[in-house]
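Line order of the protein sequences matches chains A and B. Residues in the first sequence are numbered consecutively from -2, following this note's numbering. Residues in the second sequence are numbered consecutively from 2, following this note's numbering. Here is the structure we will look at, set down as structure tokens.
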Amino acid sequence: EDQVTQSPEALRLQEGESSSLNCSYTVSGLRGLFWYRQDPGKGPEFLFTLYSAGEEKEKERLKATLTKKESFLHITAPKPEDSATYLCAVHRHQGGKLIFGQGTELSVKP
Amino acid sequence: ETGVTQSPTHLIKTRGQQVTLRCSSQSGHNTVSWYQQALGQGPQFIFQYYREEENGRGNFPPRFSGLQFPNYSSELNVNALELDDSALYLCASRTSSNTGELFFGEGSRLTVL
């Protein structure tokens, strides 16, 4: 059965304290892995798509990496405005749906 | 802003009632999907529409139904509302039925009393 698990569920950082969020997945036929950011009461905001193991993508303080079993979202020198829930989702070759993890709630304190 | 707009943003219904939620997809996007997000959970796939036909469905009962119109906008209808239907309902669009990034609207917050 396809499954996506994110860890930790919640992460508290001090401003400038770098860390990583993990997304472990089991899926038959991965078409792509997506990272989204979601602010409270808002819809998910697209960040990255990764398609193959070894691929990396960067955007400002965020860097996403992918292996055959997991993806990491690295946050370098975070700022309070990076506080949000980060969602990971996988897209299978068959069907158009995304399968989401439960998210990691990130809080960055000044 | 993604260009995906949803209405209404918030609504309150009572158990047993029916609700219709609406979505306008981003310009150029012909595929629309709907997700249900309970508090503290990731979004769960309800169904997807491509060229006005349903072409994928998650584990939701038949009282969840939808439509897509020729201009690619979409509706989600839920009959016989239950308390557990309280959630954020998200509409998302992409450029084709099976590829490309999915862009979400801000959602419709449904509360069932």
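Backbone N, C-alpha and C define an ideal beta-carbon position, used for all residues, glycine too. Since the structure is predicted, the reported quantities are computational estimates derived from the model, not experimental observations.
Is L70 of chain A close to chain B, meaning its C-beta is less than 8 Å from at least one C-beta of that chain? no
Tell me, please, whether the stretch 68 to 78 of chain A touches the stretch 19 to 36 of chain A by the rule of three or more beta-carbon pairs shorter than 8 Å. yes
In chain order, what residues of the same chain have a beta carbon less than 8 Å from the beta carbon of G29 of chain B, not counting five sequence neighbours either side? T96
Any chance the stretch 57 to 64 of chain A sits against the stretch 27 to 42 of chain B, with 3 or more Cβ pairs inside 8 Å? no
Label R34 of chain A either buried or exposed according to how many other C-beta atoms from any shown protein chain fall within 10 Å of its C-beta, with 16 as the threshold for buried. buried
How is E78 of chain A classed by DSSP in three states: helix, strand or coil? helix
Per DSSP, what kind of secondary structure is L118 of chain A in: helix, strand or coil? Outside the shown range of chain A, which is -2 to 107, sits residue 118 of chain A, and nothing can be said about it.
I think F46 of chain B touches G67 of chain B, with their Cβ atoms under 8 Å apart; what is that distance to the nearest whole Å? Between G67 of chain B and F46 of chain B the Cβ distance is about 12 Å, and since that is not below 8 Å, they are no contact.
Touch check for the stretch 83 to 96 of chain A and the stretch 74 to 92 of chain B: three-plus C-beta pairs under 8 Å? no
Look up L103 of chain B in the DSSP assignment and say whether it is helix, strand or coil. coil
Which listed residue (A:G100, A:A86, A:T101) has its alpha carbon closest to that of G28 of chain A: What sits at residue 28 of chain A in the sequence shown is Arg, not Gly. The alpha carbon of R28 of chain A has as its nearest neighbour, out of A:G100, A:A86, A:T101, the alpha carbon of A:A86.
Would you say G51 of chain A lies against chain B (beta-carbon separation less than 8 Å)? no
Extent of the continuous beta strand (DSSP E) run through E102 of chain A: 101 to 106
Compare the C-beta of S34 of chain B with all C-beta atoms of chain A and state if any pair is closer than 8 Å. yes
Taking the beta carbon of L163 of chain B as the centre, do at least 16 other beta carbons fall within 10 Å, making it buried, or is it exposed? A question about residue 163 of chain B goes unanswered here, because the residues of chain B that appear run from 2 up to 114.
Cut-off 8 Å between Cβ atoms - residues of its own chain near L103 of chain B, not counting five sequence neighbours on either side: S34, A93, S94, R95
Bridge-paired residues (DSSP) for G67 of chain B: B:L77
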